[in-house]
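S.K.:
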Amino acid sequence: MDNFNPVIVAFVCNWCSYSGADKAGGQKLDYPANVKLIRVMCSGRVDPQFVMQAFREGADGVMVLGCHPGDCHYRSGNIKTLRRFALFEKMLAQLGIESGRFKLDWVAAGESKRFQEVATQMTETVKKLGSLSIRGYVESEAA
Amino acid sequence: MNQKKIALFLCRCGANIAGAVDLDTVAARFKDKSGIALIATHDLLCSPAGKKFVEETIAGKKPDGIVIAACSPKMHEKTFRDVAGRAGMNLAQVTMANIREQGAWVTPDKNEATQKAIALISAALGRGALHENLEARSMECNTDVVVIGGGVAGIEAALMAANAGRKVTIIEKDISLGGAVIKTEEVGPSMECAPCLLAPRLAAVRDNPNIRVVSNAEVTDVLGFFGNFTVRVKKAARYVKDSCIGCEACFEVCPVSAPNAFHLGLGAKKAIYTQFPGSVPAAAVINRAICKHFTDGSCDACVAACPFGAIDFNDGDESLEFTAGAVIVATGFANVNPSSIPALGYGTLENVVTMPEFERMASSNGPLSGEIKLKNGTAPASIAVVHCAASLSEHGAAYCSGVCCMTAVKAGELARKKIPGVTVVNIHDRLVFEGPAAQEFYREQQSKGTIFCKTSDLAHVAVTRAGDKLAVSAPGTAPVTVDMVVLSTGMGPSPGSNVMADILDADCDAAGFFKPDHAILHPTGSTIDGIYAAGSCASPCDVPTAITRAQAAAGDALAKLVPGRKIELEIMTGAIDEDKCAGCRLCIAVCPYKAITYDAQKNKSIVNEIICRGCGTCAATCPGGAAGAKHFTNAQIYAELGGVIHG
Chain A
1 MDNFNPVIVA FVCNWCSYSG ADKAGGQKLD YPANVKLIRV MCSGRVDPQF VMQAFREGAD
61 GVMVLGCHPG DCHYRSGNIK TLRRFALFEK MLAQLGIESG RFKLDWVAAG ESKRFQEVAT
121 QMTETVKKLG SLSIRGYVES EAA
Chain B
1 MNQKKIALFL CRCGANIAGA VDLDTVAARF KDKSGIALIA THDLLCSPAG KKFVEETIAG
61 KKPDGIVIAA CSPKMHEKTF RDVAGRAGMN LAQVTMANIR EQGAWVTPDK NEATQKAIAL
121 ISAALGRGAL HENLEARSME CNTDVVVIGG GVAGIEAALM AANAGRKVTI IEKDISLGGA
181 VIKTEEVGPS MECAPCLLAP RLAAVRDNPN IRVVSNAEVT DVLGFFGNFT VRVKKAARYV
241 KDSCIGCEAC FEVCPVSAPN AFHLGLGAKK AIYTQFPGSV PAAAVINRAI CKHFTDGSCD
301 ACVAACPFGA IDFNDGDESL EFTAGAVIVA TGFANVNPSS IPALGYGTLE NVVTMPEFER
361 MASSNGPLSG EIKLKNGTAP ASIAVVHCAA SLSEHGAAYC SGVCCMTAVK AGELARKKIP
421 GVTVVNIHDR LVFEGPAAQE FYREQQSKGT IFCKTSDLAH VAVTRAGDKL AVSAPGTAPV
481 TVDMVVLSTG MGPSPGSNVM ADILDADCDA AGFFKPDHAI LHPTGSTIDG IYAAGSCASP
541 CDVPTAITRA QAAAGDALAK LVPGRKIELE IMTGAIDEDK CAGCRLCIAV CPYKAITYDA
601 QKNKSIVNEI ICRGCGTCAA TCPGGAAGAK HFTNAQIYAE LGGVIHG
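Order-wise, the sequence lines are chains A and B. Going left to right, the first sequence walks through residues 1 to 143 as my numbering numbers them. Going left to right, the second sequence walks through residues 1 to 647 as my numbering numbers them.
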């Protein structure tokens with residue numbers, strides 16, 4: 001398990017979290033290369049299906065990172081995200097996907113350090129959980 | 001459709017990328033990939049030579065799109081969109097792969113950084129292959145301005161826009177302009193006469209042919225969007241024609257009196273009144289609720305007294321409509337009411353007044369003609385000024401307004417001018433004087449004799465009656481006994497600001513002030529494009545700051561709305577596929593900008609691409625896959641996902 005190298009996808013909003021990651025870059029705050037970012041304009045754009053698609057494609061962990069509540073560039077897009085994923089997380093558990101594999105969090109544009117911490121912690125968590133086993137299960141069921 | 005051919009440009013960024021990522025391995029990985037038109041590595045793509053290289057390569061090899069594997073799109077996406085545009089390529093065919101901020105700079109292991117760069121480039125190639133052209137869009141705009149609120153900020157914004165040649169309408173809820181500042185005697189720290197400062201500004205508004213003042217009026221609806229607003233206004237009947245010059249002949253004959261709101265209830269006014277001599281507009285107003293012509297039909301005295309035949313009992317309310325490209329809100333503030341802290345005695349103890357009331361007393365145009373008096377008609381020999389009354393408190397304003405210390409210290413200066421030998425004690429905790437001039441004013445007041453006592457517990461300052469006098473106790477200081485207590489109150493939002501925000505569809509912060517579009521970068525913009533918050537409706541501020549905000553708001557509107565020039569619109573908007581839309585309207589419920597409307601005849605939702613700002617929340621919400629986000633389509637995001645996961 002020590003050699004397990006998880007794939008972690010982070011959907012990040014353009015205005016806060018993507019900028020936070022850029023700032024982490026500018027300050028050379030390294031974080032595990034496992035974490036790969038996909039930019040959306042607002043965390044409100046992230047359809048739960050994107051998360052499911054990420055797991056289906058091979059991600060072992062998925063994050064959605066947006067502006068802190070109250071700071072959304074689009075007024076309230078992140079609040080819609082918050083609501084949507086509160087429900088979604090319950091559904092994930094029912095599908096047998098451990099709660100640690102999905103994370104909704106807020107990283108502001110200035111929070112480079114926080115971005116580094118969130119990315120590092122997520123990688124640690126998912127490393128402990130190991131490879132997403134449900135994928136094999138679903139595939140064998142389908143076969 | 002044939003597979004797109006994409007040119008991949010790898011930037012060494014000096015040693016920034018080349019030192020951390022093995023670009024040869026990256027190039028080798030994509031060399032034989034289908035859909036690659038060419039791969040080129042360059043030392044610095046954003047340099048003049050680099051840009052020329054990209055432009056010539058696009059023009060010569062004519063790829064369908066390009067991927068720039070370099071830095072953050074926030075740094076140079078626009079740079080390369082412009083380069084592509086010069087070479088005849090649509091801006092949407094440029095995709096950045098951020099292998100510097102997300103790769104080279106944060107991944108110490110070169111092999112890992114190289115593999116991550118491959119994944120990010122693969123994602124960019126995947127999504128870029130699906131990019132559809134986006135066309136820059138623009139719209140004709142209305143360049144007129146509506147200003148809501150005619151205080152010092154609204155006046156300034158109106159004058160600035162009008163002097164630039166724009167038609168401006170000021171909507172004022174009071175019967176004349178001037179707001180809070182006209183009620184002030186002197187503005188610190190320079191102690192300049194406030195009415196004298198404002199008089200020429202009021203005259204400039206009155207005489208400017210580009211400005212129309214609609215007073216005694218309130219905004220009922222604001223429709224539309226940046227560049228094209230419609231503002232609906234209800235103007236209450238005045239019962240006095242515009243031919244009135246405010247000569248006051250009618251005041252003498254009017255038999256009815258009421259408390260004078262302009263004097264904060266300290267004096268009386270007649271049923272026919274103006275706010276002050278020389279007001280703009282000059283015309284008086286009849287208070288229908290108390291005028292005897294309306295209450296019992298017994299009096300028409302003003303009709304006979306008026307030398308201009310201006311009384312018009314048949315006047316009625318009017319509904320007006322104005323169009324404008326921008327709306328500047330300057331609805332001001334309200335003084336925090338200290339009666340929420342009973343221990344301060346406001347409203348229960350005689351001779352406990354607020355600083356604004358004290359200022360009305362001291363005003364030469366005030367109800368006492370500038371004489372500071374106790375209720376018994378004598379001048380106070382001693383005055384205590386309590387700072388932060390109902391501020392920094394959950395029972396009043398939870399914050400520091402930042403400007404009231406300046407005003408509170410002014411009480412001593414005003415009192416000494418009027419009452420020789422008066423003792424003035426200021427009871428305070430934190431003192432806030434911003435900048436050298438205010439600090440100097442504070443020191444000057446100390447040297448002139450104002451006593452400053454620091455309390456250790458602001459929440460337990462108490463005022464009680466002590467015979468004919470008032471005793472003020474404050475933890476950490478010796479109790480003082482004085483004739484008058486002045487409560488220095490903070491600035492809260494004006495009472496109607498929440499209603500106004502609802503009408504504008506803009507947001508307020510937790511305290512009730514208008515929330516800025518961006519607190520640092522665009523502090524005078526509201527959360528709605530084209531609607532500005534100037535003056536103290538945005539947050540507590542002093543007069544020069546209110547004016548600066550007004551100038552900033554007007555300046556921004558003037559720069560964005562230029563006659564003969566169209567305004568640029570967001571290109572990455574939402575889009576609804578009519579064939580898939582079932583008319584469920586969930587998208588309308590989640591849109592933060594009310595940019596989606598429902599066409600009942602077709603049973604479809606429709607995106608207004610002028611209002612839409614492209615957040616994509618509708619696309620994530622639509623259960624039928626009808627709502628989409630341009631340049632962030634599901635297919636593009638899935639292609640990107642495949643790239644980052646599989647490399």
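We treat Cβ as the ideally placed atom computed from N, Cα and C, and that holds for glycine. These numbers come from a predicted model, not from an experiment.
Check whether the region 364-381 of chain B and the region 437-445 of chain B touch, using three or more Cβ-Cβ pairs below 8 Å as the test.
M.R.: Contact between the region 364-381 of chain B and the region 437-445 of chain B is absent, because fewer than three Cβ pairs lie under 8 Å.
S.K.: What are the residues in the region 484-507 of chain B lying within 8 Å of chain A by C-beta distance?
M.R.: ASP507
S.K.: Would you mind working out which of A:LYS128, A:ASP105, A:VAL35 and A:ILE8 sits nearest ARG56 of chain A, comparing C-alpha positions?
M.R.: A:ILE8
S.K.: So, helix, strand or coil for ARG166 of chain B, using DSSP?
M.R.: coil
S.K.: Are GLY20 of chain A and ALA119 of chain A touching if we call contact CB-CB under 8 Å?
M.R.: no
S.K.: From the DSSP output, read off the bridge partner residues of GLU568 of chain B.
M.R.: Answer is B:SER138, bridged to GLU568 of chain B.
S.K.: Based on DSSP bridge pairs, tell me the residues matched to VAL145 of chain B.
M.R.: Partner(s): B:VAL168 and B:ALA326.
S.K.: Closer than 8 Å, CB to CB, is ALA33 of chain A near chain B or not?
M.R.: yes
S.K.: Using three-state DSSP, classify ILE645 of chain B as helix, strand or coil.
M.R.: helix
S.K.: Name the chain A residues whose beta carbon is nearer than 7 Å to that of CYS615 of chain B?
M.R.: MET41, CYS42, GLY44, ARG45, TYR74 and GLY77
S.K.: Determine the direct distance from the alpha carbon of GLU112 of chain B to that of MET1 of chain A, and round the result to whole angstroms.
M.R.: The predicted position of MET1 of chain A is uncertain, since its pLDDT is 48 and thus under 50; no value can be drawn from it.
S.K.: With 16 as the cutoff for other CB atoms within 10 Å, does MET91 of chain A come out buried or exposed?
M.R.: exposed
S.K.: Which chain B residues are close to GLN50 of chain A, counting only those with a beta carbon under 9 Å from its beta carbon?
M.R.: Per the sequence presented here, residue 50 of chain A reads as Phe, with Gln not at that position. What PHE50 of chain A touches in chain B: ALA620, ASN634, ILE637, TYR638 and LEU641.
S.K.: Please compile the residues from chain A whose C-beta is within a distance smaller than 9 Å of the C-beta of LYS74 of chain B.
M.R.: ASN14, TYR18, SER19 and ASP22
S.K.: Which chain B residues sit within Cβ distance under 7 Å of ASP30 of chain A?
M.R.: VAL106, THR107 and PRO108
S.K.: In angstroms, rounded to a whole number, what distance separates the CA positions of ALA437 of chain B and PRO495 of chain B?
M.R.: When rounded, the distance between both Cα atoms is 32 Å.
S.K.: For HIS131 of chain B, return the contacting residues in chain A, with the cut-off set at a CB-CB distance below 8 Å.
M.R.: By Cβ distance, chain A contributes nothing, its closest Cβ being about 14 Å from HIS131 of chain B, past 8 Å.
S.K.: Straight-line CA distance for ASN608 of chain B to ALA595 of chain B?
M.R.: 5 Å
S.K.: Could you check where the alpha helix (DSSP H) with VAL51 of chain A kicks off and where it finishes?
M.R.: 48-57
S.K.: Against chain A, does VAL329 of chain B count as a neighbour if the rule is that its beta carbon must be under 8 Å from one of theirs?
M.R.: no
S.K.: Looking at chain B, which residues of the region 86-114 of chain A have a Cβ within less than 9 Å of any of its Cβ atoms?
M.R.: none
S.K.: Whose C-beta lies closer than 7 Å to the C-beta of PRO6 of chain A among residues of the same chain, with five residues either side of it excluded?
M.R.: Around PRO6 of chain A, the same chain offers ASN34, ASP60, GLY61, THR123, VAL126 and LYS127 as residues with beta carbons nearer than 7 Å, after the five sequence neighbours per side are excluded.
S.K.: Ordered along the chain, which non-local residues of its own chain (more than five positions away) have a Cβ less than 8 Å from that of LYS80 of chain A?
M.R.: GLY44
S.K.: For a contact defined as C-beta to C-beta under 7 Å, what are the partners of GLU57 of chain A on chain B?
M.R.: LEU641, GLY642 and ILE645
S.K.: Measure the alpha-carbon distance for HIS460 of chain B versus ILE427 of chain B and round it to whole angstroms.
M.R.: Whole-angstrom Cα-Cα distance: 12 Å.
S.K.: Is there at least one Cβ from chain A nearer than 8 Å to VAL26 of chain B's Cβ?
M.R.: no
S.K.: Identify every run of the beta strand (DSSP E) within the region 59-135 of chain A, keeping only runs that are complete inside it and at least 3 residues long; order them along the chain.
M.R.: 61-66 and 102-106
S.K.: Please report how far the alpha carbon of ALA408 of chain B lies from the alpha carbon of THR573 of chain B, in whole angstroms.
M.R.: 51 Å
S.K.: Have a look at ASN210 of chain B and LYS183 of chain B and give me their C-alpha separation to the nearest angstrom.
M.R.: 27 Å
S.K.: Listing by chain order, which chain B residues have their CB less than 8 Å from the CB of ILE38 of chain A?
M.R.: ALA123, ILE637, GLU640, LEU641 and VAL644
S.K.: Determine, using beta carbons only, whether LYS127 of chain A comes closer than 8 Å to chain B.
M.R.: By this cut-off, LYS127 of chain A is not an interface position.
S.K.: Which residue marks the beginning of the beta strand (DSSP E) containing ALA97 of chain B, and which one marks its end?
M.R.: Run containing ALA97 of chain B: 94-98, per the beta strand (DSSP E) assignment.
S.K.: If you drop the 5 nearest sequence neighbours on each side, which residues of the same chain put their C-beta closer than 7 Å to that of GLU132 of chain B?
M.R.: ALA92
S.K.: Cβ of GLY130 of chain A within 8 Å of Cβ of GLU101 of chain B?
M.R.: no
S.K.: Any idea if PRO540 of chain B is buried or exposed, counting beta-carbon neighbours within 10 angstroms, 16 or more meaning buried?
M.R.: buried
S.K.: Quick check: VAL214 of chain B and ILE155 of chain B, are their CB atoms within less than 8 Å of each other?
M.R.: no
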